[in-house]
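Presented below is the structure to which this report refers.
Residue numbers (my numbering), protein chains in the order written: chain W, 1 to 218; chain U, 1 to 112.
Here it is as structure tokens:
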């Protein structure tokens, strides 16, 4: 005899429950948390290296590096001066999940002001997994081409902030950064916008200033 | 390929429900996916077929109901249905703001 059982449960409920628990923990620690997402090679780690150098001594920064394999990125941001760094290797998984962040957080010092989570380079999957962050940041690079907002609308809609990196290449690529921004705003008109060249230094003051404004502790 | 993670999470909920209800096997699983949830139904079916093998849901049929997402226009405020790759108000060409469309849940399972 077969019978039908109503379940009506969110499939990612477990991730959402952990993300809610993380949010409480972040509030308790007065820790501001941003989740940086991008395609591979957009410049997340280079931007973080420069961010850490600029904010060293002013704000205590912790970084969780998400990668499929290797600890290269963790070593890079540690050398740049991050106060606390953990590398998560997902071994093939295309995104970070809240449980991985919760486990990593166990060794974090109480003195951190900001936790930056560098997600796996991927423009689809990370958007579906809440990590309890205050803000999702999408890092796009000019070299990806300005068709990306409309090809990956889920990611552009999931984030509140867009950083367009590698703007120093605009003349070489014959691209207009403003046009990229307009394309992105067509997908999500609520995006806060930054333009950076992590390599040359453009826009880092504005970006770091905004990060500093997120700090919750006195 | 986050569909694999989703199929794994589905299986946890299915096993849990089967145990609670004393099922010997699960014959059908019905889920709902929102139009803006960025989940490919075919890919999820493929992953679920792999995950279910040898489990209590071995042989279970997966029914995926895709529900459309609503949006309203940033400019004229009109409400309408949208797909993942719609970006403009059909009336005035304004920017659209999606409302919902992120549904992803198991509706029911059929057990024996």
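Virtual Cβ for every residue (Gly too), placed ideally from N, Cα, C.
Item: Residues of chain U with CB closer than 9 Å to the CB of residue 36 (chain W), please, in chain order.; Value: Neighbours of residue 36 (chain W) on chain U: none; closest Cβ ~18 Å, over 9 Å.
Item: Going by DSSP in three states, residue 103 (chain U) sits in which element: helix, strand or coil?; Value: coil
Item: How many Å lie between residue 83 (chain W) and residue 65 (chain W) at the Cα?; Value: 13 Å
Item: Tell me which same chain residues have a C-beta within less than 7 Å of the C-beta of residue 122 (chain U), skipping the five on either side of it?; Value: Past the boundaries of the shown model lies residue 122 (chain U); chain U is included only from 1 to 112, so the question cannot be answered.
Item: For the region 47-66 of chain U, which residues have a CB atom closer than 8 Å to at least one CB atom of chain W, in sequence order?; Value: none
Item: Of all Cβ atoms in chain W, is any one closer than 8 Å to the Cβ of residue 90 (chain U)?; Value: no
Item: At a CB-CB cut-off below 9 Å, which residues of chain U make contact with residue 30 (chain W)?; Value: By Cβ distance, chain U contributes nothing, its closest Cβ being about 29 Å from residue 30 (chain W), past 9 Å.
Item: So what's residue 10 (chain U) in DSSP terms, helix, strand or just coil?; Value: helix
Item: Taking a Cβ distance cut-off of 8 Å, strictly less, list which residues of the region 89-111 of chain U are near chain W, in chain order.; Value: 95, 97, 98, 104, 105, 106, 107, 108, 109, 110, 111
Item: Kindly identify the DSSP beta-bridge partner or partners of residue 98 (chain U).; Value: U:71
Item: Between the C-alpha atoms of residue 40 (chain W) and residue 144 (chain W), what's the straight-line distance to the nearest angstrom?; Value: 10 Å
Item: How would you call residue 1 (chain W), buried or exposed, if buried means at least 16 neighbouring beta carbons within 10 angstroms?; Value: exposed
Item: Name the residues in the region 76-88 of chain U whose C-beta lies less than 7 Å from a C-beta of chain W; which are they?; Value: 84, 85, 87
Item: Quick check on the burial criterion: 16 or more other C-beta atoms within 10 angstroms. Buried or exposed for residue 106 (chain W)?; Value: exposed
Item: Count the other CB atoms, across all protein chains shown, that sit within 10 Å of the CB of residue 70 (chain W); report buried if there are 16 or more and exposed otherwise.; Value: exposed
Item: Count the other C-beta atoms from every protein chain shown that fall within 10 angstroms of the C-beta of residue 96 (chain U), then say buried if there are 16 or more, exposed otherwise.; Value: buried
Item: For residue 82 (chain U), collect the residues of the same chain with a Cβ closer than 8 Å to its Cβ; drop the 5 residues on either side in sequence, then sort them by chain order.; Value: 35, 36, 68, 69, 70, 71, 96, 98, 101
Item: Where does residue 136 (chain W) fall in DSSP's three states?; Value: strand
Item: Let me know the secondary structure DSSP gives residue 62 (chain U) once reduced to three states.; Value: strand
Item: Which of helix, strand or coil does DSSP assign to residue 83 (chain W)?; Value: coil
Item: Could you tell me how far apart the beta carbons of residue 95 (chain W) and residue 2 (chain U) are, in whole angstroms, since I believe they sit closer than 8 Å?; Value: 6 Å
Item: The region 172-187 of chain W: which residues have C-beta closer than 9 Å to a C-beta of chain U, in chain order?; Value: 185, 186, 187
Item: Would you kindly report the start and end of the unbroken beta strand (DSSP E) that includes residue 52 (chain U)?; Value: Here residue 52 (chain U) belongs to no beta strand (DSSP E); instead the alpha helix (DSSP H) covers 41-52.
Item: Please name the residues in the region 95-115 of chain W whose beta-carbon is closer than 9 Å to at least one beta-carbon of chain U, in chain order.; Value: 95, 97
Item: With H, G and I counted as helix, E and B as strand and the rest as coil, what does DSSP make of residue 155 (chain W)?; Value: helix
Item: Can a CB atom of chain W be found closer than 8 Å to the CB of residue 38 (chain U)?; Value: yes
Item: So, are the CB atoms of residue 98 (chain W) and residue 132 (chain W) less than 8 Å apart?; Value: yes
Item: My parser needs the beta strand (DSSP E) runs of 3 or more residues fully inside the region 18-42 of chain W; what are they?; Value: 32-38
Item: Measuring alpha carbon to alpha carbon, tell me which residue in W:119, W:156, W:202, W:212 is nearest residue 67 (chain W).; Value: W:119
Item: If we ignore side chains and look at the alpha-carbon of each, how far apart do residue 180 (chain W) and residue 63 (chain W) end up?; Value: 28 Å
Item: If residue 106 (chain U) and residue 21 (chain U) are in contact, beta carbons under 8 Å, what's the gap, nearest whole angstrom?; Value: No, residue 106 (chain U) and residue 21 (chain U) are not in contact; Cβ-Cβ is about 14 Å, not under 8 Å.
Item: Would you mind telling me which residues of chain W sit closer than 7 Å to residue 9 (chain U), beta carbon to beta carbon, in chain order?; Value: 11, 12, 14
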